[in-house]
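In what follows, a single structure is set out as structure tokens and then discussed.
There are 2 protein chains.
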Amino acid sequence: MRLLVVEDETRLARALQRGLTADGFTVDVALDGVTGLERARDGQYDAVLLDVMLPGLSGYEVIKQLRAAHVWTPVMMVSAKDGPYDQADGLDYGADDYLVKPFDYVVLVARLRALLRRQSDPRPPVLAHGDVRLDPATREVTIAGNDVSLSRREYELLEFLLRHPGRVITKTELLDRVWDARGVGYEPNVVEVYVGYLRRKLGPGLIETVRGAGYRLAP
Amino acid sequence: MRLLVVEDETRLARALQRGLTADGFTVDVALDGVTGLERARDGQYDAVLLDVMLPGLSGYEVIKQLRAAHVWTPVMMVSAKDGPYDQADGLDYGADDYLVKPFDYVVLVARLRALLRRQSDPRPPVLAHGDVRLDPATREVTIAGNDVSLSRREYELLEFLLRHPGRVITKTELLDRVWDARGVGYEPNVVEVYVGYLRRKLGPGLIETVRGAGYRLAP
DNA sequence: GCAGGCGCTGTGAGTCTGCTGAGAACCTGT
DNA sequence: ACAGGTTCTCAGCAGACTCACAGCGCCTGC
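Residue numbers (this note's numbering), protein chains in the order written: chain A, 1 to 219; chain B, 220 to 438.
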């Protein structure tokens, strides 16, 4: 079993490498996000252990780009409990499991084994709502069976909405999650513009405006 | 995690019940479409595993009626590969994922977990009082089942009242909490105006006036 | 019974929010 | 380099919303 550990704290990284090797895994280490992404993309790993707080490229960015590159290696995210991020975030971005620092080594191994065991069908399921269907694996979107071509932003906005069906989502949240994790430097109006684009391509009635609050997938 | 398995092959149904129970789920079984629909509609399940070929009521009918009844429990459809139906049909009817028989049990569990994860958007609980219901996640407000459209202020005022049922709340407090943290610059009369709007939309009798003191939700 | 105060509501002006078309800047592939 | 697509800002518009105001009715304390 080949593992990739992406972790910038050298001390922890080495400890994990030693322990996991002793437990029978073959372990590579990457000390920052960029090399982590590269290795994860190219190497044939059975699982990736991915820290969230990384120099260069955050863990979220890494997993996002990994999935965008059609790499479905199971990923276990690791983050400090008191960070600005939380579990839901990690899972949203496509992590398969989530661990909070500081973690117990035994728990880590158990979860890792469970992850490897259940990962026999890694293809993400199709997202569907009404007659709109979105396949994260191929990035294809269809409406009533007809293909729709979406730009990157349009696609990611739609995917985020489909992952939270029914919930009202504020423009700020969308800017945070679809545009930029830092979320600054954008006018909320971009969201309005892109919702407009989607409505033009997918028909009105799919995305509802909740005045003063945000947007929501029509029930 | 509560699951409902709707499957008429008793042998398979029992096997699934045993396996999924061992994997930590709480499993109910329905052996035909009619009872399946009933249970799915009434029970609070986290997911439904739904066979397509069912005596009484086909799986498609079940999911159609389920969605028509505004039940959005995630549904995984299961069907024989060589049946007259195919995957597209299932997704069209509003299934969230699709599995072809014969399926690998490990695959089933993996997909089921993915489904639950997607769905496990931690939704805030619905606020209810009398026949008024308010869902903070979707911002939907219903009275006796009928949708009511509220403006931002109206919504926030109602939400605040529902979060403090029974208590008498002064106008000053409402100005503080619903209008503006600084609470200055508003006439107390705005509150009266908005209480008026709410009474018009939700019927009198919901919000009681306590003369000289404030407002209170009727018991 | 009466006066004063409190709360309710109709009216309307000003504000705010969201939608859209136009266009500039920037990529990307040819 | 160029064409086409994409991303984002800006400005104008329409409609919804918010709130003050003023008049009226009702409650309450004397």
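Virtual Cβ for every residue (Gly too), placed ideally from N, Cα, C.
Predicted model only: the values in this text are computed from it and were never measured.
Pull up the distance between the alpha-carbon of residue i and that of residue j, whole angstroms please.
{"i": "residue 214(A)", "j": "residue 189(A)", "result": "12 angstroms"}
{"i": "residue 394(B)", "j": "residue 193(A)", "result": "34 angstroms"}
{"i": "residue 415(B)", "j": "residue 396(B)", "result": "18 angstroms"}
{"i": "residue 233(B)", "j": "residue 227(B)", "result": "10 angstroms"}
{"i": "residue 239(B)", "j": "residue 258(B)", "result": "18 angstroms"}
{"i": "residue 157(A)", "j": "residue 52(A)", "result": "22 angstroms"}
{"i": "residue 61(A)", "j": "residue 428(B)", "result": "53 angstroms"}
{"i": "residue 145(A)", "j": "residue 132(A)", "result": "8 angstroms"}
{"i": "residue 361(B)", "j": "residue 290(B)", "result": "15 angstroms"}
{"i": "residue 150(A)", "j": "residue 390(B)", "result": "49 angstroms"}
{"i": "residue 467(B)", "j": "residue 242(B)", "result": "It is not possible to answer for residue 467(B), since the shown part of chain B is limited to 220 through 438."}
{"i": "residue 277(B)", "j": "residue 357(B)", "result": "31 angstroms"}
{"i": "residue 419(B)", "j": "residue 359(B)", "result": "17 angstroms"}
Determine the contact status of residue i and residue j, defining contact as a CB-CB distance below 7 angstroms.
{"i": "residue 97(A)", "j": "residue 115(A)", "result": "yes"}
{"i": "residue 253(B)", "j": "residue 235(B)", "result": "no"}
{"i": "residue 73(A)", "j": "residue 48(A)", "result": "yes"}
{"i": "residue 373(B)", "j": "residue 417(B)", "result": "yes"}
{"i": "residue 247(B)", "j": "residue 275(B)", "result": "no"}
{"i": "residue 221(B)", "j": "residue 264(B)", "result": "yes"}
{"i": "residue 260(B)", "j": "residue 288(B)", "result": "yes"}
{"i": "residue 212(A)", "j": "residue 371(B)", "result": "yes"}
{"i": "residue 381(B)", "j": "residue 346(B)", "result": "yes"}
Just verifying my parser: in three-state terms, what is the DSSP assignment at residue i?
{"i": "residue 54(A)", "result": "coil"}
{"i": "residue 135(A)", "result": "strand"}
{"i": "residue 302(B)", "result": "Since pLDDT at residue 302(B) reaches only 48, below the 50 mark, its modelled position is unreliable, and no value is offered."}
{"i": "residue 214(A)", "result": "strand"}
{"i": "residue 226(B)", "result": "coil"}
{"i": "residue 345(B)", "result": "coil"}
{"i": "residue 172(A)", "result": "helix"}
{"i": "residue 427(B)", "result": "strand"}
{"i": "residue 100(A)", "result": "strand"}
{"i": "residue 417(B)", "result": "helix"}
{"i": "residue 2(A)", "result": "strand"}
{"i": "residue 267(B)", "result": "strand"}
{"i": "residue 35(A)", "result": "helix"}
{"i": "residue 261(B)", "result": "helix"}
{"i": "residue 159(A)", "result": "helix"}
{"i": "residue 367(B)", "result": "strand"}
Return yes when at least one heavy atom of the ligand GDP lies under 6 angstroms from the C-beta of residue i, else no.
{"i": "residue 187(A)", "result": "This structure lacks the ligand GDP; in fact it carries no ligand of any kind."}
Within a Cβ cutoff of 6 angstroms, which residues of the same chain sit near residue i, ignoring the five residues on either side of it in sequence?
{"i": "residue 231(B)", "result": "none"}
{"i": "residue 30(A)", "result": "6, 36, 39"}
{"i": "residue 285(B)", "result": "259"}
Below 7 angstroms CB to CB, which residues in the same chain sit around residue i once its five sequence neighbours on both sides are set aside?
{"i": "residue 386(B)", "result": "435"}
{"i": "residue 165(A)", "result": "129, 217"}
{"i": "residue 25(A)", "result": "1, 3"}
{"i": "residue 410(B)", "result": "390, 393, 394"}
Output needed for residue i: all residues of its chain with C-beta closer than 8 angstroms, excluding positions within five of it in sequence on either side, in chain order.
{"i": "residue 314(B)", "result": "269, 282, 294, 295, 296"}
{"i": "residue 405(B)", "result": "394, 398, 399"}
{"i": "residue 101(A)", "result": "78, 79, 80, 81"}
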